[in-house]
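Since the structure comes first, as structure tokens, the remarks are kept for the end.
Numbering (full-length UniProt numbering), first residue to last: 1 to 577.
Below, the structure is given as structure tokens:
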């Protein structure tokens, strides 16, 4: 068979039914073959960043690697943000880009480039396919590597003339059956340490959700009566947020993590990639006198960032199941611990709900009240895709999460993924309503994804929290100013950070005084009206007039069968949660 036919056979055998792509001339042989195949659908995006984000959401919804086709060097560069996000979130993707015809690569033709070199920084492995007979095997290896812990994107560069060859290629070898990881070898010692703990604590990482191990972690927590935190900026449901033992999400600062862990003698960190603190702070996140048991399926993770008393490498679900079975009924204090912690945690949740309800009113809305209204309008079994930065933190405090894969976020930090991820989530699992809660800045980064939502009539509800400013930068700048002031007060050296200020440029361009706001971090004027953006793409849009109207709009939109965008004017800040 021809090389391109062998390529399609591997895709079918790997369970691929959709190809997410943005085509160009160097991918034409592949695109022609895919579009002629009745069992494969080419899902088109009009910009590569949106394409990769859609594939990321699809892979998470289906639990299988998604396949992506990008266009040569520039298209691959456009998709790099999504690949960096996928690598951080450990989403398995197999990504290809068409290289120029090999017969004139030495002439440095237009659009060509070092595709492998460009991709290498963002993916876990690369393949530079140079011979037709290598293509099926390399593609097969790419799928295997994408899911091998730690999961992530794998890239293949494929010259366009290679796919056009008439060179006969042997049929691809059958797919290998590779079993999952078993329980970590040292789990009995971990069980002993956890059973003997006086004040145990668990950090639920995203590896728990990815491995389908939420129920097993709940069983471990209940068996020992442990306080449970989500890892900072978690990407999915790793522990039910309504459970009595659930204490919330750890802040992405070492000092805050250290405070939360203080006084706990044994901490089980399950499936958490270090702690990925956002900004530098001195010291360890682990308090003195606290023993850490760290479990991960990536052998490079335990002990990588901080010393551990016991490192466990193995299947997360298998190891937690073994621990739960061993610990069941072995800790008499567990029920009383659970009851006491449950009262404290529920009281904290009630306080947040009361503050949210107290803020209900007309637009512009209080951000906490607005996200609470969104939650109140969600239908049962919704999937929430969140890329809202500051509003997203508030959303996590009021959103009850129980079923796995009900929450989609990326800890990668590359903006613009939310729209595409929401589309891919709904395509991957059409049985569940999908609501994307987006910041206005994040929406601007990923607008092109709305074209795909409109073109394929994907019924996603896009909720844009519109505060008209770079709120997260303002809050970070305020924290830095407070920190500098504290250091000066303690006799430390003063430090002046570079300031992001667009105002001088607006003066130079004659745009008026203060067009960028006092810190140059405002997005107005002009006012951002996202209903006009939605209408441009042919998507129904509404602007929320109040919190009650917002809840009604979410409920109405999710009950329909088409994409809807809801523009939510919110004030620039809310009380801390």
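We put the beta carbon where it would ideally sit given N, CA and C, even for glycine. Bear in mind that the values here come from a model prediction, so they are computed numbers and not experimental data.
Residue 93 carries a strand assignment under DSSP once its states are collapsed to helix, strand and coil. For secondary structure counted as the alpha helix (DSSP H) over 4 or more consecutive residues, the region 231-295 holds these complete runs in sequence order: 254-261. When 6, 336, 341, 89 are compared, the shortest CA-CA separation from residue 206 is found for 89. The three-state secondary structure of residue 70, taken from DSSP, is strand. The shortest CA-to-CA distance from residue 97 to any of 225, 29, 457, 65 is the one to 29. Just measuring C-alpha positions, the residue of 211, 243, 232 sitting nearest residue 221 is 243. Straight across, the Cα-Cα distance linking residue 215 with residue 381 is about 17 Å. Three or more beta-carbon pairs drawn from the region 401-409 and the region 235-253 are found closer than 8 Å, and the two stretches are therefore classed as touching. Going by DSSP, residue 465 is part of the beta strand (DSSP E) stretching over 460-466.
Annotated as proximal: residue 446 and residue 49, with beta-carbon spacing under 8 Å. Residue 254 is a Cβ neighbour of residue 283, given a cutoff of 8 Å. Using a Cβ distance threshold of 8 Å, residue 271 and residue 211 count as a contacting pair. In this structure, the beta-carbon distance from residue 449 to residue 388 does not fall below 8 Å. A distance below 6 Å between beta-carbons, with the five flanking residues on each side excluded, links residue 95 to the following residues of its chain, in chain order: 68, 153, 155. Out of 140, 436, 461, 435, the CA that lies nearest to the CA of residue 6 is found in 140. Under the three-state reduction of DSSP output, residue 98 falls in the strand class.
Residue 432 and residue 423 have their alpha carbons spaced roughly 12 Å apart. Burial check for residue 191: the Cβ neighbour count within 10 Å reaches 16 or more, so the residue is buried. Secondary structure note for residue 454: its alpha helix (DSSP H) is the uninterrupted segment 449-455.
For residue 42, the three-state secondary structure derived from DSSP is strand. Here residue 118 is not near residue 84, since their CB atoms are 8 Å or more apart.
Distance from the CA atom of residue 391 to the CA atom of residue 465, rounded to whole angstroms, is 7 Å.
Excluding residues up to 5 positions away in sequence, 312, 314, 319, 322, 323, 326 lie with their Cβ nearer than 8 Å to the Cβ of residue 187 in the same chain.
In the three-state DSSP reduction, residue 125 falls in the strand class (E or B). Going by C-alpha positions, residue 386 is about 45 Å away from residue 106. In terms of CA proximity to residue 352, 397 leads the group 177, 101, 553, 397. Taking the Cα positions, residue 150 is about 23 Å away from residue 415.
Looking at the DSSP output, residue 439 sits in a beta bridge with 465.
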